[in-house]
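>
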Amino acid sequence: MSLKEIMEISKPRIVVLLVITAVTSMYAANKLVPNAPPLDYLAYLHIVIAGTLASAGSSALNHYYDKDIDPKMTRTSTRPIPSGRMAASHVLIYGLLVSCISVIYGYFALNALSAFFIAVGIFSYVIIYTVWLKRLNSSNIVIGGIAGSAASWAGWSAATGSLDLLGFLVGFLVFVWTPSHFWCLAMKLKEEYTQANIPMLPVVIGMQRTSKYILGNTLILLPYSLLLCAFGMGIVYAVIAIVSGGLMLTYHYRLTKNPTSEFAWKSYKVTAPYLTIIFVAIALDAVFHFPLF
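The opening residue of the sequence shown carries number 67 in the working numbering; numbering runs sequentially from there.
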């Protein structure tokens, strides 16, 4: 088991995205919530470590459970287990061990509520999405989006010891964004999902209808992102949310006119950085806070 394989089963890109989500949520909570206790750099290091372990562990368990369908898809056929570079049992042990450590570490280094949300994230991604819904229902990725929300809630509660309405709404933004993002990817990989018999939305209802679902979801996402301004977010956040959300909306409208795998891939690449941009905007708004109301 080399470092290269460990990195591969840990899905570092997802790790980075979720850690950014958790850290920026933690920072925003510390700045925006009245009477929040002061945080030092060590506190941020703790959420980075706990978040990295949780994301890496749950990703490894996803690799383990999907070992039977990964060889059927070109995108996943070269992963460590189907390619024979890692034993499935080793991936399982690594995933379970790292996931458990992340929750324990979060409990002692952060607080009980933060550890709870770390556990919620792992459970929702591994059990609800990977084991239960992915192969059963086209709504799989919608429900699976709660795992990303849990990362934000873990960061917010790590700063405050609680989760208020603004903290909940900030985290739920990930849930609302997830379908627009992953349905674009599902359109790009429709043939592979069909071959693997995975009921992703484009496989079940076709490309044209899926593109309309994506547009509809983004039409919900944009006003939802601005709803946060009514609960504490300010002008800096609002401007960035409008620009980034408007760009997504433009591409997703164009996708309904050209529902091909090629344009879905372009839309996916536009949608992918949205979450990082919006959570950085939340942190920036906490620094340069000019209330709208």
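Think of the CB as a built atom: it goes at the ideal place given N, C-alpha and C, for glycine as much as any other residue. Just so we're clear, the structure is a prediction, and the values are computed from it rather than from any experiment.
1. Whole angstroms are fine: how far does the CA of Val-82 sit from the CA of Ser-218?
2. Measure the C-alpha to C-alpha separation of Leu-341 and Ala-347 and round it to an integer number of angstroms.
3. Quick check: what's the CA-CA separation for Ser-91 versus Ala-175?
4. How should Glu-74 be labelled, buried or exposed, when 16 other C-beta atoms within 10 angstroms of its C-beta is the threshold for buried?
5. Which whole-angstrom value is the C-beta distance of Gly-227 and Val-89, which I expect to be below 8 angstroms?
6. When the Cα atoms are used, what is the spatial distance from Leu-231 to Gly-298?
7. Does DSSP classify Gly-300 as helix, strand or coil?
8. Taking Trp-331 as part of the alpha helix (DSSP H), name the residues at either end of that continuous run.
9. Out of Leu-315, Leu-321, Ser-277, Asn-263, state which residue places its alpha-carbon closest to the alpha-carbon of Leu-285.
10. Counting pairs of Cβ atoms below 8 angstroms between the region 110-120 and the region 135-148, do you hit three or more?
11. Should Ala-153 be labelled buried (16 or more other beta-carbon atoms within 10 Å of its own) or exposed?
12. May I ask you to report which of helix, strand or coil DSSP gives Pro-357?
13. With distances taken between CB atoms, is the gap from Gly-187 to Ala-181 smaller than 8 angstroms?
The structure says:
1. Going by the C-alpha atoms only, they are around 13 angstroms apart.
2. Taking the straight line from one Cα to the other gives about 10 angstroms.
3. The straight-line gap from Cα to Cα measures roughly 17 angstroms.
4. With 16 or more other Cβ atoms within 10 Å, it is buried.
5. Contact flag wrong, Cβ pair sits at about 17 angstroms.
6. Approximately 10 angstroms between the Cα atoms of the pair.
7. Reduced to three states, the DSSP call for Gly-300 is strand.
8. Counting along the chain, the alpha helix (DSSP H) containing Trp-331 begins and ends at 327-337.
9. Cα-wise, what sits closest to Leu-285 is Leu-315.
10. Segment contact: the region 110-120 against the region 135-148, fewer than three CB-CB distances shorter than 8 angstroms; contact not assigned.
11. In this structure Ala-153 is exposed. Its beta-carbon is surrounded by fewer than 16 other beta-carbon atoms within 10 angstroms.
12. In the three-state scheme derived from DSSP, where H, G and I count as helix and E and B as strand, Pro-357 is classed as strand.
13. Not closer than 8 angstroms, so no.
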